[in-house]
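>
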Ligand code: GLN
């Protein structure tokens, strides 16, 4: 495996599955190889250093604090145009937020790579990339292209 995506879904359910299948240590071992790791939405919650609303266990692989369900309930899910800024250039990107978590704090080693409605919505620390939206639904492979180039 050259790169790994931890997808969206429901982080509480994913935690139960990670317990049942003993995936905590293998995921940490994968991250320690330095291969690219992308967490989208619930996947971002699992990779975060700290989780709020409510606090829950996470892998702590990127120094960010995330607040679950921060944009409201399922019916407050929305699509919006944001800006993806890989390596200096700025690209417009349509973004899909599904009962999304919000990045509320970034550590000093973490870079913001995308924004939407004044929020940071994508962040990177070394080989770990997280997004509060769903890049696989935006109809543009820009984020995945960037992610694969991290390898
Ligand atoms: N609301 C979910 C959670 O808190 C995340 C939703 C998603 O991944 N689209 O885990």
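Numbering (the numbering used here), first residue to last: 14 to 164.
Where a beta carbon is used, it is the ideal one built from N, C-alpha and C, also for glycine.
Note that the structure is predicted; figures quoted are calculated from it, not measured.
Which residues bound the alpha helix (DSSP H) around residue 158?
155 to 162
> Is it the case that the segment 148 to 162 contacts the segment 32 to 40, given that we only count it when at least three CB pairs across the two stretches are under 8 Å?
Using a Cβ-Cβ distance cut-off of 8 Å, the segment 32 to 40 and the segment 148 to 162 are not in contact, since fewer than three pairs of beta carbons, one from each stretch, lie closer than that value.
> According to the Cβ coordinates, are residue 78 and residue 65 closer than 8 Å?
yes
> Nearest-angstrom Cα distance between residue 130 and residue 53?
Each residue's Cα considered, the two are about 18 Å apart.
> Round the Cβ separation of residue 75 and residue 127 to the nearest angstrom and send it over; I've been treating them as touching at under 8 Å.
With a Cβ gap of about 15 Å, residue 75 and residue 127 do not count as contacting.
> Are any of the Cβ atoms in chain D nearer than 8 Å to that of residue 66?
Any reference to chain D falls outside this structure, which holds one protein chain only.
> Distance check for residue 71 and residue 60, CA to CA, integer angstroms please.
6 Å
> Quick check on the DSSP output: what are the complete beta strand (DSSP E) runs of length 3 or more inside the segment 55 to 118, in order along the chain?
Counting only runs that start and end inside the segment 55 to 118, the beta strand (DSSP E) elements of at least 3 residues fall at 61 to 65, 75 to 80, 91 to 97, 104 to 110.
> Taking 7 Å as the cut-off, is the C-beta of residue 39 nearer than that to any heavy atom in the ligand GLN?
Checking every heavy atom of the ligand GLN against the Cβ of residue 39, none is found closer than 7 Å.
> Can we count residue 81 as close to the ligand GLN, meaning its CB is less than 7 Å from some heavy atom?
Yes - the ligand GLN has a heavy atom lying nearer than 7 Å to the Cβ of residue 81.
> Judging by CA-CA distance, which residue of 19, 67, 111 is the nearest neighbour of residue 93?
111
> May I have the straight-line CA-CA distance separating residue 58 from residue 24, to the nearest angstrom?
Rounded to the nearest angstrom, the two C-alpha atoms are 7 Å apart.
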